[in-house]
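Colleague: So the protein sequences, as listed, match chains A and B. Here this note's numbering is used: the first residue of the first sequence is 1, the next is one more, and so on. Here this note's numbering is used: the first residue of the second sequence is 1001, the next is one more, and so on. Below you will find the structure I want to go over with you.
Number of protein chains: 2
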Amino acid sequence: MATPRRMGSETSETRFVLLDVTERVMLEDGYAAVSSRRIAKEAGVTPALVHYYFGTLDDLFIEVLRRRGEQQLERQERQLSSPQPLRALWKTSTDESGTALLMEFMALATHRKVIRAELAAYAEQFRKAQLDSLRDHLEEVGIDTKAFPPEALVVTLAALASTIIMEEALGMETGLRETRDLVERFLTQYEGPPEPRVGAKRARKPSPS
Amino acid sequence: MATPRRMGSETSETRFVLLDVTERVMLEDGYAAVSSRRIAKEAGVTPALVHYYFGTLDDLFIEVLRRRGEQQLERQERQLSSPQPLRALWKTSTDESGTALLMEFMALATHRKVIRAELAAYAEQFRKAQLDSLRDHLEEVGIDTKAFPPEALVVTLAALASTIIMEEALGMETGLRETRDLVERFLTQYEGPPEPRVGAKRARKPSPS
DNA sequence: GTCTATACTTCGATAGAC
DNA sequence: GTCTATCGAAGTATAGAC
């Protein structure tokens, strides 16, 4: 199978800029606002370059997804090996821009087969990594894993995080604080109160220098 | 304030058809596939008629949302006054097409101010209706509402339902069955096993006639 | 390896005929 | 109450010059 069409190199500066711009436009105006014209304009290049580097728009979306996915997988690895993995997981899961981008990809994936497959594969990878790390931890901290299986726990945390973030973004209020509190009590019960990360910056107090 | 532009009557047959078609297209191909041309074509009318009846596309979306919202509010009212309101709620919340349409509106609302306001208003109305009906019921069936406040409970049920449906649609698997089982056990613990609705059709057994 | 020029399609919305 | 005609903008994607 010969190369079906010419395509820009993987290390091109322009390529990176296009990926950055696409991510930003998805966050600001949604996946539907992503067009070769719009992305090119914001990147300061011509629309044809978008197709030169990525072929179709679906390919562009997939590249954005892959780049982000890799970053997040690495990030999650670090968090899962921290002293309070559940807390760390909760913190990332309630990251606003992360959730917003994921939602865009979810919406996109519902109607585009190739993107659905890619997104599902990443999501499964994420969840399995969580389970691998958390199973032992949950037993250790004393969670009744028979009544509350680790699988159900990670799904529940993910569901609550994305729902809270989405509804807050929508401007909703009813029940959100109570739900946040509930999760907070749960985390405190099993992992104790939040502790500053090892190596985290301390609050700086003004000192004479 | 005079009428700013001519607009079709509320009772027009064409108007209904346009709303139906829009809902279907949103489900099949997503909100981004909704255009006056596409909707008109599938409804067998000219594109100008879409603007004649609804003005802008955002207005069209809002009308679809209102129609559905009213239907669902009524449906929820009935469910909340059934003998197993939590079960009834869970059943509706895990309705596939309902969730899919809600997701489309969520994605749309993230980037369109007028739709966001409308959707948030409906969602709050839904949740408050749930709380009004469920507060007493939860106490009666013996849920520890201090540890698990009704507000957090309805958010959690909604979050789990939409997450499970979305992830199943995506083709994911890990943890979904365990989570469904967990909810099922919870429902059984407090409302008992599923009971056929009063007035529901019985399974028909072939009888000589 | 990079980009320009260009072909062709579809879009939202309106004015005005019927 | 409905439809025709139409504008200007924006859409995807490719061929081929540099």
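A virtual CB, placed ideally from N, CA and C, is assigned to each residue, including glycine.
1. Distance check for residue 123 (chain A) and residue 1157 (chain B), CA to CA, integer angstroms please.
2. Indicate whether at least one CB of chain A lies closer than 8 Å to the CB of residue 1156 (chain B).
3. Any beta carbon from chain A within less than 8 Å of residue 1003 (chain B)'s own beta carbon?
4. Does the contact criterion of 3 or more C-beta pairs under 8 Å hold for the stretch 1060 to 1076 of chain B versus the stretch 1136 to 1150 of chain B?
5. By DSSP, does residue 3 (chain A) sit in helix, in strand, or in coil?
6. According to the Cβ coordinates, are residue 1194 (chain B) and residue 1087 (chain B) closer than 8 Å?
7. Please tell me whether residue 89 (chain A) and residue 1159 (chain B) are closer than 8 Å, where the distance is taken between their beta carbons.
8. So which of A:92, A:106, A:85 has the shortest CA-CA distance to residue 219 (chain A)?
9. Classify residue 1148 (chain B) as helix, strand or coil using the three-state DSSP reduction.
10. Quick check: what's the CA-CA separation for residue 29 (chain A) versus residue 1150 (chain B)?
11. So the candidates are A:173, A:20, A:130; which of them puts its Cα closest to the Cα of residue 1125 (chain B)?
12. Please report the distance separating the alpha-carbon of residue 166 (chain A) from that of residue 100 (chain A).
13. Give a yes or no on whether 8 Å exceeds the smallest Cβ distance from residue 111 (chain A) to chain B.
14. Output the distance between the C-alpha atoms of residue 13 (chain A) and residue 145 (chain A), rounded to the nearest integer angstrom.
15. Should residue 1046 (chain B) be labelled buried (16 or more other beta-carbon atoms within 10 Å of its own) or exposed?
16. Relative to the C-alpha of residue 1178 (chain B), which residue among A:155, A:27, A:52, A:118 is closest?
17. Go ahead and pull the three-state DSSP assignment for residue 196 (chain A).
18. Spell out whether any CB of chain A is found under 8 Å from the CB atom of residue 987 (chain B).
19. Mind checking if residue 98 (chain A) is an interface residue toward chain B, Cβ cutoff 8 Å exclusive?
20. Below 8 Å between beta carbons: does that hold for residue 212 (chain A) and residue 1163 (chain B)?
21. How many angstroms separate the CA atom of residue 116 (chain A) from the CA atom of residue 109 (chain A)?
22. In terms of residue numbering, what span does the alpha helix (DSSP H) encompassing residue 45 (chain A) cover?
23. Note down, in chain order, every chain A residue with its Cβ under 7 Å from the Cβ of residue 1178 (chain B).
24. Helix, strand or coil for residue 1097 (chain B) per DSSP?
25. I believe residue 170 (chain A) touches residue 1152 (chain B) by the beta-carbon criterion, under 8 Å. Please report the beta-carbon distance rounded to the nearest angstrom.
26. Is it the case that the Cβ atoms of residue 1033 (chain B) and residue 107 (chain A) are separated by a distance below 8 Å?
27. What separation, rounded to the nearest whole angstrom, lies between the Cα atoms of residue 1021 (chain B) and residue 133 (chain A)?
28. Might you give, ordered along the chain, the residues of its own chain that have their beta carbon closer than 7 Å to the beta carbon of residue 43 (chain A), omitting 5 neighbours on each side?
29. Measure the C-alpha to C-alpha separation of residue 190 (chain A) and residue 1113 (chain B) and round it to an integer number of angstroms.
30. Count the other CB atoms within 10 Å of the CB of residue 1004 (chain B); is the residue buried (16 or more) or exposed (fewer)?
Modeller: Considering the structure as presented:
1. Using only the alpha carbons, I get a separation of about 22 Å.
2. Residue 1156 (chain B) has a beta carbon lying within less than 8 Å of a beta carbon in chain A.
3. Summary for residue 1003 (chain B): the model assigns pLDDT 41, below 50, so the residue's position carries little reliability; its value from the coordinates is reported in the next sentence. Closer than 8 Å: no.
4. The stretch 1060 to 1076 of chain B, when compared against the stretch 1136 to 1150 of chain B, does not touch it at the 8 Å Cβ threshold.
5. The predicted model places residue 3 (chain A) with a pLDDT of 39, which falls under 50 and marks its position as unreliable; any figure quoted below should be read in that light. Secondary structure of residue 3 (chain A) (DSSP, three-state): coil.
6. Closer than 8 Å, so yes.
7. The answer is no: Cβ separation not under 8 Å.
8. Here chain A covers residues 1 to 209 and nothing more, so residue 219 (chain A) does not appear.
9. For residue 1148 (chain B), the three-state secondary structure derived from DSSP is coil.
10. Near 35 Å, if we compare the C-alpha coordinates of residue 1150 (chain B) and residue 29 (chain A).
11. Nearest of A:173, A:20, A:130 to residue 1125 (chain B), Cα basis: A:173.
12. If you take the alpha carbons of residue 166 (chain A) and residue 100 (chain A), they lie about 8 Å apart.
13. Output row for residue 111 (chain A): interface = yes.
14. Cα to Cα, the separation comes out at about 49 Å.
15. Residue burial is scored here from C-beta neighbours: residue 1046 (chain B) has fewer than 16 other C-beta atoms within 10 angstroms and is therefore classed as exposed.
16. Of the listed residues, the one whose Cα sits closest to residue 1178 (chain B) is A:155.
17. Correct three-state label for residue 196 (chain A): coil.
18. Residue 987 (chain B) lies beyond the stretch modelled for chain B, which goes from 1001 to 1209, so this question has no answer here.
19. By this cut-off, residue 98 (chain A) is not an interface position.
20. Lying before the first or after the last residue shown, residue 212 (chain A) is absent from chain A, which here runs from 1 to 209.
21. If you take the alpha carbons of residue 116 (chain A) and residue 109 (chain A), they lie about 4 Å apart.
22. Neither: residue 45 (chain A) is in no alpha helix (DSSP H) and is coded neither H nor E.
23. Those within 7 Å of residue 1178 (chain B) in chain A are 149, 151, 152.
24. Of the three classes helix, strand and coil, the one that applies to residue 1097 (chain B) here is helix, per DSSP.
25. Not confirmed; about 18 Å, so no contact.
26. Contact: no.
27. Cα to Cα, the separation comes out at about 47 Å.
28. Excluding residues up to 5 positions away in sequence, 17, 18, 21 lie with their Cβ nearer than 7 Å to the Cβ of residue 43 (chain A) in the same chain.
29. Taking the straight line from one Cα to the other gives about 40 Å.
30. Here the model assigns residue 1004 (chain B) a pLDDT of 42, short of 50, so the residue's position is not dependable and the matter cannot be decided.
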